[in-house]
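**Q** Structure below; questions to follow.
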Amino acid sequence: MKKIILAGLLLAVGSVAMANSAQDVLKKARDDYYKQQEAERKAAKAPKKVERVKAETAEGMEEAETVEAEEEVKPRTPMEKLEYNANKAAIKVDYYERVVRSVAREEKELDGYNEVLGKKKSKKVKEQKAKTEKTKKAKK
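Sequential numbering of the sequence shown, starting at 23, is according to the working numbering.
So, in structure tokens, the structure goes:
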């Protein structure tokens, strides 16, 4: 009977000790997770650069204003550098596509004006349009 009580007591004390160690492991893992999240949040916040801008009012008085401009965060890892360069390239491609569309739109407007005014197109313009039409047909 004493052996059963002693075994039960050891089992109860051992289970409490095991539970405490498991809780400690979970607490350490939770603390590490929150530290990692905090580090990522701090890294995501871009440092801000404050510039003083002087502006003249209608009355001729100068007012100093502070303007906050975000500095770009320098990529650190090769993957961040790759993503950074890909984003910059995508922005440039988008810009050039918009420029090409606006130039094409302006050319169409000028064609309409030339037809209304009855002006003849120069040979260079005709040759350039023929080349662009050939390249468009070749791409399709």
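For each residue, glycine too, the CB sits at the ideal point set by N, CA and C.
Because the structure is a prediction, the values reported are computed rather than measured.
#1: Indicate the three-state DSSP secondary structure (helix, strand or coil) for Thr154 in the structure shown.
#2: Please report the distance separating the alpha-carbon of Tyr56 from that of Glu102.
#3: Considering just the uninterrupted stretch of the alpha helix (DSSP H) at Lys141, what are its terminal residues?
#4: By Cβ distance below 8 Å, which residues in the same chain neighbour Ser124 in space, the five residues on each side in sequence not counted?
#5: With DSSP as the reference, label Arg127 as helix, strand or coil.
#6: Could you check the C-alpha separation between Arg127 and Asn136 for me, to the nearest Å?
#7: For Pro100, does the three-state DSSP call read helix, strand or coil?
#8: Assuming the contact rule is C-beta atoms closer than 8 Å, Tyr106 and Pro97 should be a hit. Round their C-beta distance to whole Å, please.
**A** Here's the rundown:
#1: In the sequence shown, the residue the question calls residue 154 occupies position 132. Here Thr154 sits in helix by DSSP.
#2: In the sequence shown, the residue the question calls residue 56 occupies position 34. In the sequence shown, the residue the question calls residue 102 occupies position 80. For Tyr56 and Glu102, the distance between alpha carbons rounds to 22 Å.
#3: Translated into positions along the sequence shown, residue 141 becomes position 119. No alpha helix (DSSP H) contains Lys141, which DSSP labels as neither H nor E.
#4: For the purposes of this step, residue 124 is taken as the residue at position 102 of the sequence shown. Excluding positions up to five away in sequence, the list is empty.
#5: As a first step, residue 127 must be located in the sequence shown, where it is residue number 105. Helix.
#6: As a position in the sequence shown, residue 127 is number 105, starting the count at 1. As a position in the sequence shown, residue 136 is number 114, starting the count at 1. Going from the Cα of Arg127 to the Cα of Asn136 covers about 14 Å.
#7: For the purposes of this step, residue 100 is taken as residue 78 along the sequence shown, with counting starting at 1. In the structure shown, Pro100 sits in a helix (DSSP, three-state: H, G or I).
#8: Position 84 of the sequence shown, counting from 1, holds the residue named residue 106. Position 75 of the sequence shown, counting from 1, holds the residue named residue 97. With a Cβ gap of about 4 Å, Tyr106 and Pro97 count as contacting.
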